[in-house]
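Chemist: Residue 23 is where the sequence shown starts when you use our numbering, and the numbers rise one by one after that.
The C-beta atom is built at its ideal place from N, Cα and C for all residues, glycine as well.
Below is one structure. I have some questions about it.
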Amino acid sequence: MIDGEIRGHLDLHGGQLSSEFHRALLGMGVERPWRGCGHGRALLATAIAWARSAELAWLDLGVFAHNRRARKLYAEVGFVEVGVTRDRFRVDGVEIDDVAMVLAL
């Protein structure tokens, strides 16, 4: 929140099993008027710093294949694409692929 206005969100979800406690699933978004202003990069920096302080080994995320801007940002901070799930989502009848990305901490 900046100046009383929500500009984005970030969430990290850990695994349910002790065998998954070394990684977290990252989800985030920036409200449309604030995209390209550095808020996404700031959210990612916060998430990565927290994950390192929590001694996690990996951050995972999924991103719509057509979201080139987000994929570029994730790659710039070190995430690597590791796979694609075809037709993962359907929005208004349109098939959307999901790109899996990981960051080794």
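When you compare the CB positions of residue 125 and residue 96, do they come within less than 9 Å of one another, or not?
Modeler: The sequence position of residue 125 within the sequence shown is 103, counting from 1. The sequence position of residue 96 within the sequence shown is 74, counting from 1. Judged by their CB atoms, residue 125 and residue 96 are nearer to each other than the 9 Å cut-off.
Chemist: Determine the contact status of residue 30 and residue 62, defining contact as a CB-CB distance below 9 Å.
Modeler: Translated into the one-based positions of the sequence shown, residue 30 becomes position 8. Translated into the one-based positions of the sequence shown, residue 62 becomes position 40. Their beta carbons are under 9 Å apart, which means residue 30 touches residue 62 by this criterion.
Chemist: Starting from the C-beta of residue 106, find all residues in its chain whose C-beta is less than 6 Å away, skip the five residues before and the five after it, and write them out in chain order.
Modeler: Here residue 106 refers to the residue found at position 84 when the sequence shown is read from its first residue. Once the five neighbours on either side are set aside, the close Cβ partners of residue 106 are 119 and 121.
Chemist: With a cut-off of 8 Å on the beta carbons, I'd call residue 69 and residue 44 a contact; round off their distance for me.
Modeler: As a first step, residue 69 is located in the sequence shown; it is residue number 47 there, counting from the start. As a first step, residue 44 is located in the sequence shown; it is residue number 22 there, counting from the start. Contact doesn't hold; Cβ gap of about 16 Å is too wide.
Chemist: Enumerate, from N- to C-terminal direction, the unbroken beta strand (DSSP E) stretches of 3 or more residues contained entirely within the region 80–121.
Modeler: 80–86 and 102–113
Chemist: Confirm, please, whether the CB-CB distance from residue 102 to residue 92 is below 9 Å.
Modeler: Numbered from 1 along the sequence shown, position 70 holds the residue referred to as residue 92. Numbered from 1 along the sequence shown, position 80 holds the residue referred to as residue 102. For the 9 Å CB-CB criterion, residue 92 and residue 102 do not form a contact.
Chemist: Rounded to a whole number of angstroms, what is the C-alpha to C-alpha distance between residue 37 and residue 46?
Modeler: By 1-based counting over the sequence shown, the position of residue 37 is 15. By 1-based counting over the sequence shown, the position of residue 46 is 24. Near 7 Å, if we compare the C-alpha coordinates of residue 46 and residue 37.
Chemist: Spatial neighbours of residue 53 within its chain, please: C-beta separation below 8 Å, excluding the five flanking residues on both sides.
Modeler: Taking the first residue of the sequence shown as position 1, residue 53 is located at position 31. If you ignore the 5 residues before and after residue 53, its C-beta comes within less than 8 Å of the C-beta of 28, 29 and 30, all in its own chain and listed in chain order.
Chemist: Rounding to the nearest angstrom, what Cα-Cα distance links residue 108 and residue 59 in this structure?
Modeler: Residue numbering aside, residue 108 sits at position 86 when the sequence shown is read from its first letter. Residue numbering aside, residue 59 sits at position 37 when the sequence shown is read from its first letter. If you take the alpha carbons of residue 108 and residue 59, they lie about 31 Å apart.
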